[in-house]
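Everything on this sheet refers to the single structure shown next.
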Amino acid sequence: MFTTGFKFFFGLFAAFCAAALVYGYTTGGNHVGPLSLGWKGGVGDHIGYGVLVGLAGVSLTISLVLVSFRDADAAAQAHLQNLAEVLTDQPVTASFWPVVASFGVGAAAVGLVLHPMVFVLGLAVIVLSMVEWTMDAWADRATGDTAVNRELRNRIMAPIEIP
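Residues in the sequence shown are numbered consecutively from 1, following my numbering.
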């Protein structure tokens, strides 16, 4: 059975493919050009067509990843792994990364007025906090054991974090 995430992103894939075909034909593409991704003729405006085809590719990739991992559904994973019981959800641990991200947003806003270097520093803080916050959220739900979750997070993030 297809998961909800797969259905959504595969629907986006189909919509982007249809939009790319319509865009390719309406901007001056040949009869076969948009169907063959430009191999057998012109596609009209290359930038717009390329963006729509790229979005279709990203949507297809995300949909295939989601159906492969069963949308992180614990019941579906327990069924596929032949487990007798479904693992319960773990409570999410507190994280200070949203506060760090808000300081980054503030630094970026001040940097727009003061100096470009402050703006870039704010953007770097935002990106860093997004990566760290994502890894914290992933590690909280990786397994049912908090110690194993912390070990998984440290195994991935410790080599690139500041000691």
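Note that the Cβ used here is the ideal one computed from N, Cα and C, for glycine as well.
Under the three-state reduction of DSSP, which class applies to residue i: helix, strand or coil?
i: Arg141; result: coil
i: Ile160; result: coil
i: Lys7; result: helix
i: Trp39; result: coil
i: Ala84; result: coil
i: Ser129; result: helix
i: Phe16; result: helix
Measuring straight from C-alpha to C-alpha, what distance separates residue i and residue j?
i: Val65; j: Leu55; result: 15 Å
i: Gly144; j: Leu12; result: 33 Å
i: Asp140; j: His79; result: 22 Å
i: Arg153; j: Val131; result: 12 Å
i: Gly57; j: Glu151; result: 34 Å
i: Arg70; j: Val32; result: 37 Å
i: Phe6; j: Thr61; result: 10 Å
i: Ala19; j: Gly44; result: 13 Å
i: Phe9; j: Phe96; result: 31 Å
i: Val110; j: Val125; result: 13 Å
i: Ala142; j: Gln81; result: 15 Å
Between which residues of its own chain and residue i is the CB-CB distance below 6 Å, once the five residues before and five after are set aside?
i: Thr93; result: Asp140
i: Ala108; result: Phe119, Gly122 and Leu123
i: Lys40; result: Val32
Tell me which same chain residues have a C-beta within less than 8 Å of the C-beta of residue i, skipping the five on either side of it?
i: Met157; result: Glu132 and Met135
i: Met117; result: Gly111
Please go through the same chain and pick out, in chain order, the residues whose beta-carbon is closer than 7 Å to the beta-carbon of residue i, but skip the five residues on each side of it.
i: Ile160; result: none
i: Leu112; result: Phe119
Check whether the segment 10 to 30 and the segment 43 to 53 touch, using three or more Cβ-Cβ pairs below 8 Å as the test. Segments in contact, yes.
Answer yes if the segment 118 to 132 comes into contact with the segment 88 to 105, meaning at least three C-beta pairs across the two stretches below 8 Å, and no otherwise. Taking 8 Å as the limit for Cβ pairs, the verdict is that the segment 118 to 132 does touch the segment 88 to 105.
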